[in-house]
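Okay, structure first, notes after.
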Amino acid sequence: MKFTANSITIITLITLSCIEASSEKIDTRLLYKNKCKICHTTRLVTLQGKGNLTGPPADEVMLHVKEKYPEKEEAVKFMVDYIMDPSVTKALCASIDKFGLMPSMKNTITPNEAKAISEMMFDTFPREAFSKMEMQSRRGITFKTIDRNGDGSISPEEFKLFRAKRNNIDPESFRGNLYFQKVDLDHNGKMSKDEFQKMREGRMR
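In terms of UniProt numbering, the sequence shown is residues 1 to 205.
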């Protein structure tokens, strides 16, 4: 098969354009703004300022992710999977009871875009100011502070009231107790001291 000068030029241009397209970087900031920020704000939110949010802020999301998955590769892998196929069993944050389970993004972004967003979030959040604020707010939280009636266990209602007060939100705004069901390991409808400790070892929110 013979190639003319014109055909070689065309092939070269096609090859170069393919290489350029494959190496084009995803604008993660713009992608996040268009696809994620409506629910996960990037502004620094205090505990008193959570009442009007539509989802947990980016700082909070990444604080919990990094507590569970401190290594970037593990964290990004988890996030991509959760973004594409969210479920209660995978959830790390009790905010699912306030905001509900996030919808799958598999029809909105590609796996590569999800990976790029996850990497950007790992590198950016949580900011130091948020981490300090969160760690300070966790001090003094004990089993007894949540077990209001002192019966030696935490009920779903007690857990909801504790979280509502801590996050300055209306208890009636909670959609359910999915997270409580997750940490109630023996599924008896109440949280024991042992279950509370296991929850705290994973994360408290």
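We put the beta carbon where it would ideally sit given N, CA and C, even for glycine.
Own chain residues within Cβ distance below 6 angstroms of residue i, not counting five before or after
| i | result |
| --- | --- |
| P126 | D59, M62, L63 |
| V65 | A75 |
| A164 | P171 |
| M120 | T28 |
| A116 | I26, T28 |
| K72 | F122 |
| M79 | S118 |
| K90 | Y82 |
| K190 | S153, S155 |
With 16 other Cβ atoms within 10 Å as the buried cut-off, status of residue i
| i | result |
| --- | --- |
| N167 | buried |
| I38 | exposed |
| M135 | exposed |
| R29 | exposed |
| R175 | exposed |
| E128 | exposed |
| I14 | Bear in mind that the predicted position of I14 carries a pLDDT of just 46, short of 50, making it unreliable; the figure below should be weighed with that in mind. It is exposed - the Cβ of I14 has fewer than 16 other Cβ atoms within 10 Å. |
| K198 | exposed |
| S118 | buried |
| D147 | buried |
| K160 | buried |
Rounded Cβ spacing between residue i and residue j (contact assumed at less than 8 angstroms)
| i | j | result |
| --- | --- | --- |
| P156 | N177 | 4 angstroms |
| M35 | T145 | The amino acid at residue 35 is misidentified as Met; the sequence shows Lys. Going by Cβ atoms, the distance from K35 to T145 rounds to 38 angstroms, so no, they are not a contact pair. |
| T46 | M133 | 7 angstroms |
| F130 | L44 | 6 angstroms |
Sequence-distant residues of the same chain with beta carbon closer than 7 angstroms to residue i, five excluded per side
| i | result |
| --- | --- |
| V88 | I96, L101, L178, K182 |
| K193 | F143 |
| E195 | V183, D184, L185 |
| I169 | K50, G51, K98 |
| Y69 | A75, F78 |
Proximal residues to residue i (C-beta, below 8 angstroms), its chain only, five neighbours per side dropped
| i | result |
| --- | --- |
| M84 | S104, M105, K106, P111, A114 |
| P86 | L101, M102, P103, S104 |
Residue-chain proximity (residue i, chain D), Cβ-Cβ < 8 angstroms
| i | result |
| --- | --- |
| K190 | Annotation note: the requested chain D is absent from the structure, which comprises a single protein chain. |
Open item on the list: Using 8 angstroms as the cut-off, can you tell me whether the region 145-152 makes contact with the region 85-96, which would need three or more C-beta pairs spanning the two stretches below that distance?
Closed with: no
Three or more C-beta pairs closer than 8 angstroms, one from the region 98-105 and one from the region 49-59: is that the case here?
Between the region 98-105 and the region 49-59 there are three or more C-beta pairs closer than 8 angstroms, enough to call the two in contact.
Entirely within the UniProt domain "Cytochrome c" (23-125) and at least 4 residues each: give me those alpha helix (DSSP H) ranges in chain order.
Every alpha helix (DSSP H) stretch that sits fully inside the UniProt domain "Cytochrome c" (23-125) and reaches 4 residues is listed by chain position as 28-35, 58-68, 72-84, 96-99, 111-124.
| message | Ignoring anything shorter than 4 residues, give me the alpha helix (DSSP H) runs that lie fully in the region 145-184, in order along the chain. | response | 156-167, 178-183
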